[in-house]
Amino acid sequence: MGIFDKLTGTRRPVGGVRPLPAAEVRAALLALDGPDAPFVLRDGTPKEAADLVAVWRIPPGPWHPRRGQTRLRLVPAAREVRTLDEKWEALEPGEVSFNGTGLAYSRGPLTTVSKQWTLERGPDGRRRLQETSAFSSARVTSPLRDTVLAAGWTWRGVFRW
Numbered sequence: 011m012g013i014f015d016k017l018t019g020t021r022r023p024v025g026g027v028r029p030l031p032a033a034e035v036r037a038a039l040l041a042l043d044g045p046d047a048p049f050v051l052r053d054g055t056p057k058e059a060a061d062l063v064a065v066w067r068i069p070p071g072p073w074h075p076r077r078g079q080t081r082l083r084l085v086p087a088a089r090e091v092r093t094l095d096e097k098w099e100a101l102e103p104g105e106v107s108f109n110g111t112g113l114a115y116s117r118g119p120l121t122t123v124s125k126q127w128t129l130e131r132g133p134d135g136r137r138r139l140q141e142t143s144a145f146s147s148a149r150v151t152s153p154l155r156d157t158v159l160a161a162g163w164t165w166r167g168v169f170r171w
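Positions in the sequence shown are counted from 1; adding 10 to them yields the numbering used here.
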């Protein structure tokens with residue numbers, strides 16, 4: 011594993027795993043979608059240039075990203091799935107967005123963790139912080155990545171298509 015593989019989050023399957031055909035990898039990924047999944051998996055559009063798109067299910071909250079998705083492109087010749095994470099976050103008051111949406115855009119292999127807390131009294135009467143909501147992009151990418159690796163394919167993060 012080289013330095014670029016660490017930066018992009020590239021993972022390779024363990025030795026001895028027979029690679030599955032692309033259609034079976036796609037079917038295995040689509041089987042992950044469901045009401046309890048931390049994402050909604052759908053077909054990619056021509057504009058997205060992706061085979062599948064995992065749209066993140068993000069709980070509402072002021073510190074969470076407003077929208078996020080992971081684009082997946084299957085490359086059968088290399089037996090790898092190339093992934094591109096995208097995230098849109100609300101700007102702080104006074105900040106200016108270049109596209110006029112009021113959202114900051116990030117892409118590449120992203121690690122997003124955000125939590126929301128409230129101050130409340132515990133059973134012993136002492137004040138404590140209680141986590142009310144949390145989001146981690148790892149909850150989205152981990153099942154996708156593990157499925158790809160179990161299929162004998164490489165998981166490769168990219169910064170652009």
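Ideal placement from N, C-alpha and C gives every residue a C-beta, glycine not left out.
Bear in mind that the values here come from a model prediction, so they are computed numbers and not experimental data.
Requested in this report: Name the residue from T93, T80, A59 and R136 whose alpha carbon lies nearest to the alpha carbon of W165.
Outcome: Indexing the sequence shown from 1 puts residue 165 at position 155. Closest by alpha carbon: T93.
Query - Outcome for L82 when other beta-carbon atoms lying within 10 angstroms are tallied against a minimum of 16 - result: Here the question's residue 82 lines up with position 72 in the sequence shown. Looking at its Cβ environment, which holds 16 or more other Cβ atoms inside 10 Å, L82 is buried.
Query raised in the report: Excluding five sequence neighbours on each side, which residues of the same chain lie with their C-beta closer than 7 angstroms to the C-beta of L84?
Result: Here residue 84 corresponds to residue number 74 of the sequence shown, with the count starting at 1. Around L84: A32, V35, R36, D61 and V91.
Query raised in the report: Can you list, in chain order, the residues of its chain whose CB lies under 6 angstroms from that of R52, leaving out five sequence neighbours each side?
Result: Taking the first residue of the sequence shown as 1, we reach residue 52 at position 42. Excluding sequence neighbours, R52 sits near V63.
Query - In DSSP terms, what K97 is bridged to - result: Working through the sequence shown from its first residue, we reach residue 97 at position 87. DSSP, once it has assigned bridges, lists G78 and S116 as partnering K97.
Query raised in the report: Do L154 and P23 come within 8 angstroms of each other at the CB atom, strictly closer than that value?
Result: Taking the first residue of the sequence shown as position 1, residue 23 is located at position 13. Taking the first residue of the sequence shown as position 1, residue 154 is located at position 144. For P23 and L154, no; Cβs fall outside 8 angstroms.
Query raised in the report: According to DSSP, is E130 helix, strand or coil?
Result: Residue mapping note: residue 130 aligns to position 120 of the sequence shown, counting from 1. Reduced to three states, the DSSP call for E130 is strand.
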